[in-house]
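What follows is one structure encoded as structure tokens, with my remarks underneath.
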Amino acid sequence: MTVKYNLDVSTSRPWTLFKLLFRWRGSIWKSVILELFVWLVLYIVLTLLYRKALKGFSSIYEQFVRYCDEKLGYIPLNFMLGFFVTSVLSRWINFFNNIGYIDNIALMVAAYIHGSDEKTRMMRRNIIRYCVLSQALVFRDISMRVRKRFPTIEAIVASGIMMEHEKERFDEIQYRYAKYWIPFQWALALCNEARNQQKISSDVLLGKIGEIKFFRRNLAVLCNYDWVPLPIMYPQLIVLAVHTYFLICVMSRQFVITEGMDIFIPVMTILQFIFYMGWLKVAEAMLNPFGEDDDDFECNFLLDKNLTVRILRIDEGYDRTPIIEKDIFFDKAVEPLYSAESAREEHRTCGVTGSTANIK
758 MTVKYNLDVS TSRPWTLFKL LFRWRGSIWK SVILELFVWL VLYIVLTLLY RKALKGFSSI
818 YEQFVRYCDE KLGYIPLNFM LGFFVTSVLS RWINFFNNIG YIDNIALMVA AYIHGSDEKT
878 RMMRRNIIRY CVLSQALVFR DISMRVRKRF PTIEAIVASG IMMEHEKERF DEIQYRYAKY
938 WIPFQWALAL CNEARNQQKI SSDVLLGKIG EIKFFRRNLA VLCNYDWVPL PIMYPQLIVL
998 AVHTYFLICV MSRQFVITEG MDIFIPVMTI LQFIFYMGWL KVAEAMLNPF GEDDDDFECN
1058 FLLDKNLTVR ILRIDEGYDR TPIIEKDIFF DKAVEPLYSA ESAREEHRTC GVTGSTANIK
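If you read the sequence shown in our numbering, its first letter stands for residue 758, the second for the next number, and so on.
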């Protein structure tokens, strides 16, 4: 389930973002705590060995510590992580933009397929249901949460998204590849049937229902991203670089006894670990948003929402527009209504006014 915090940051204050630091679910603390614990254990073990067991070899050890610390900059961690997170974020945005909302199809179907008889109602409802069925078939192959909900096609039938006779027709088509396209073909066939029966008044309006094609294209984009991820050597390289960097830090960030100040806890390195490892965890969380992380997409919710839309907009919303009456501004100047508090806020600004308009 997505971690929501927009209300907490709706107004900018000095403490606004600090409130987010106390969240646990989906937080940076939850993502790095295990690695940080392991790293601290390794660091403390090596510190105790140096202080207790390597007294005879302390000079060699200290030279090696200084060497590792000097050469640590050879790993360009900032550049590598920055470029990687940018690439992953771009993919994540495309994932979200193509996740698939049924609203436009439902509005077009309700507006352009006319008729209140039972056959027409079934046409409108089934067009939407077939689109949701295709979405469910795609999601169960790319989302672990949806796969657990619908482990088999029979589970989809039991949920009501697919009917038994439709499953039989679906199974009759022997095809070595995925059959996501079949419900879309059924939906478009119903649109053509509605046009032939004059339930859609013109070919132009039939083309408007081509919104189904865009919905199918969105799902195809998700399938393509799932089929071809970032080249595996790229995340391998980043993970190797970050973990190698901090593995070397176990040695290079040790405080040698000969220095003027003896510090047992590497505070600055711990902060660096949280920032860099957290940076990597951000990329890991966005690399595939169809998993089971705290902040992954709520695909089951989207399926439920899209399926519910067909009832509200196709049946309850069809041909039920309000009676047209004169509004309160008819033949009058519009006088916006504000509450007392909102009026005080609005009067502080002048709306869309040029930045130099009031200069004399």
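We put the beta carbon where it would ideally sit given N, CA and C, even for glycine.
Note that this is a predicted model, so its numbers are computed, not measured.
Within-9 Å CB hit, residue i to chain B
| i | result |
| --- | --- |
| Ile939 | Given the protein chain composition of this structure (a single chain), no chain B is represented. |
Buried versus exposed, by CB contacts within 10 Å (16 or more), residue i
| i | result |
| --- | --- |
| Lys1083 | exposed |
| Ser1009 | buried |
| Asn1063 | buried |
| Gln892 | buried |
| Gln931 | exposed |
| Pro940 | buried |
| Ile966 | buried |
| Asn883 | buried |
| Gln993 | exposed |
| Arg886 | buried |
| Glu923 | buried |
| Phe1161 | The structure shown does not extend to residue 1161, since the chain is modelled only from 758 through 1117, so no value can be given for it. |
| Ala951 | buried |
| Lys761 | exposed |
| Ala915 | exposed |
| Arg770 | exposed |
Residue j beta carbon less than 9 Å from that of residue i
| i | j | result |
| --- | --- | --- |
| Ile785 | Ile1031 | yes |
| Gly857 | Leu1059 | yes |
| Lys945 | Ile969 | One point to set straight first is that residue 945 is Leu, not Lys, in the sequence displayed. Yes, these two residues count as a Cβ contact at 9 Å. |
| Leu1044 | Arg848 | yes |
| Ser873 | Phe1047 | no |
| Leu979 | Asn855 | yes |
| Phe1054 | Phe907 | no |
| Ile913 | Leu890 | yes |
Unbroken alpha helix (DSSP H) run spanning residue i, endpoints
| i | result |
| --- | --- |
| Thr877 | 875-899 |
| Lys787 | 785-805 |
| Thr1026 | 1024-1044 |
| Lys970 | 968-984 |
| Asn1063 | 1056-1066 |
| Ala998 | 990-1009 |
| Gly964 | 960-965 |
Option nearest residue i by Cα separation, candidates the options
| i | options | result |
| --- | --- | --- |
| Asp1050 | Pro1093, Tyr991, Met990, Arg902 | Arg902 |
| Cys888 | Asp1072, Arg973, Ala1114 | Arg973 |
| Asn1057 | Asn854, Lys776, Pro771, Arg904 | Arg904 |
| Ile859 | Pro1093, Arg881, Ala1097 | Arg881 |
| Glu792 | Val996, Asp983, Asp928, Tyr934 | Val996 |
| Phe958 | Ala868, Lys809, Arg780 | Checking the sequence, you will find Ser at residue 958 rather than Phe. When only C-alpha atoms are compared, the closest one is Ala868. |
What are the complete alpha helix (DSSP H) segments, minimum 4 residues, inside the stretch 899-941? 901-906, 910-916, 921-929
Which whole runs of the alpha helix (DSSP H) in the stretch 807-878 are 4 residues long or more, in chain order? 815-828, 834-854, 860-869
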